[in-house]
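In the working numbering, the protein residues as written are 115 to 188. Ideal Cβ placement from N, Cα and C applies to all residues, glycine included. Working notes for the structure below.
Right under this line is the structure:
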């Protein structure tokens, strides 16, 4: 199943329980799908934005940002 089909499945959830189950099923492939198949650039965009305002010696707390991809580039 491709990433578009997986996203459509998630978006078709009828409630939070169904959504949770669908993400749980997708979890093992989720990060690879984002960075490998869809040219996911958000972590780099976040980093570039933050570097405009936070010095390189600054500290950043990565709390609740999903899989941790943003934390890795920060």
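Straight-line gap, residue 147 to residue 117 (C-alpha atoms, nearest Å): As a working note, residue 147 is residue 33 in the chain shown. As a working note, residue 117 is residue 3 in the chain shown. So the two alpha carbons sit approximately 6 Å from each other.
Presumed contact (8 Å Cβ cut-off) between residue 127 and residue 136, rounded CB distance: What you label residue 127 is simply residue 13 of the chain shown in a count that begins at 1. What you label residue 136 is simply residue 22 of the chain shown in a count that begins at 1. Yes, they are in contact, since the Cβ atoms of residue 127 and residue 136 sit about 6 Å apart, within 8 Å.
Start and end residues, alpha helix (DSSP H) containing residue 156: As a position in the chain shown, residue 156 is number 42, starting the count at 1. Taken as a continuous stretch (DSSP letters only), the alpha helix (DSSP H) holding residue 156 covers 156-165.
If we call anything under 8 Å between Cβ atoms a contact, is residue 201 one with residue 160? Absent from the structure is residue 201, since the part of the chain shown begins at 115 and ends at 188.
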